[in-house]
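Participant:
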Amino acid sequence: MAIPSFPAFDGAGFPTRSPVWKTTVQEAVSGKDYAVSFWTYPRWRWQIPLNLLRAAFGYAEWQAMVGVFNECAGRGTPFHWTDPDDNAVTAQAMGVGDGVTTVFPFVRALGGYAEPIQDVVGASVQIEAGGVLQGAGTYTLLTDPQWGLVYAVQFTAAPAPGAPVSWSGSFNWACRFDADQADFTKFMMGRWKGQKISFTSIKVV
406 MAIPSFPAFD GAGFPTRSPV WKTTVQEAVS GKDYAVSFWT YPRWRWQIPL
456 NLLRAAFGYA EWQAMVGVFN ECAGRGTPFH WTDPDDNAVT AQAMGVGDGV
506 TTVFPFVRAL GGYAEPIQDV VGASVQIEAG GVLQGAGTYT LLTDPQWGLV
556 YAVQFTAAPA PGAPVSWSGS FNWACRFDAD QADFTKFMMG RWKGQKISFT
606 SIKVV
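My numbering puts the first residue of the sequence shown at 406, with every later residue one more than the last.
(1) Using CA coordinates, which residue listed in 562, 462, 488 is at the minimum distance from residue 422?
(2) If you run the structure through DSSP and keep just helix, strand and coil, what is residue 516?
(3) Give the straight-line distance between the Cα atoms of residue 352 and residue 507, rounded to the nearest whole angstrom.
(4) Along the chain, where does the alpha helix (DSSP H) containing residue 586 start, and where does it finish?
(5) For chain B, find out if any of its Cβ atoms is closer than 8 Å to the Cβ of residue 490; answer yes or no.
(6) For residue 542, which option in 524, 561, 416, 528 has the closest C-alpha, if you only look at C-alpha atoms?
(7) Which one of 468, 496, 411 has the shortest CA to CA distance from residue 537?
(8) Using alpha carbons as the reference points, say which of 474, 535, 461 lies closest to residue 595.
(9) From residue 402 to residue 454, what distance separates their C-alpha atoms?
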């Protein structure tokens with residue numbers, strides 16, 4: 406199922422971006438605590454001020470924003486979000502061949518921490534194994550069955566033992582709106598603004 410993309414417009418303010426984990430902490434009678442993390446990697450939450458959405462004079466930004474929100478039915482379905490500060494990699498390590506493994510999930514490292522990327526732009530992907538650029542016939546891009554998001558590469562033949570596997574290309578973040586209601590205020594003819602729109606990345610595999 407194809408999903409829409411979050412619209413780009415000049416009136417968006419600077420975002421707030423937050424890594425989100427799910428952890429429980431239990432405290433013993435002695436005061437010592439024990440923490441258990443339920444997730445192996447975080448979700449990300451963005452909050453973006455909608456300072457100006459033009460709706461006339463050759464612009465349709467308000468219409469585009471409302472259209473995507475309604476196309477997603479609020480929290481109902483996800484959308485593609487392109488973070489202008491985090492949307493591409495070059496020669497990103499994604500594993501080392503062992504002569505057996507053929508599937509390598511796409512990852513992105515940020516500050517030394519690598520996490521899966523599950524909304525890769527397939528047309529942009531370049532794969533290297535053992536320092537050699539791989540031809541299109543040597544691998545297949547895997548997509549999740551529900552939303553069709555590219556999340557891994559599967560080689561026709563397993564990379565040789567010790568061969569580093571890397572990728573270059575661009576990616577989006579599959580996200581879901583955090584609420585089923587979005588409020589917009591008209592403050593002059595053809596001009597709208599909104600509260601911060603909040604959305605969170607999803608995990609598909």
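We put the beta carbon where it would ideally sit given N, CA and C, even for glycine.
None of these values were measured; they are calculated from a predicted model.
Facilitator: The relevant details are as follows:
(1) Among 562, 462, 488, the Cα nearest to that of residue 422 belongs to 488.
(2) Three-state result, residue 516: coil.
(3) As shown, the chain starts at 406 and ends at 610. That puts residue 352 outside it, with no answer to give.
(4) Residue 586 -> no alpha helix (DSSP H), and no H or E assigned at all.
(5) Absent from the structure: chain B. Only one protein chain is present.
(6) Of 524, 561, 416, 528, the smallest CA-CA separation from residue 542 is found for 561.
(7) Of the residues 468, 496, 411, the one whose Cα lies closest to the Cα of residue 537 is 496.
(8) That would be 461, whose Cα lies nearest to the Cα of residue 595.
(9) Look at the range of the chain in this structure, 406 to 610, and you will see that residue 402 is not part of it.
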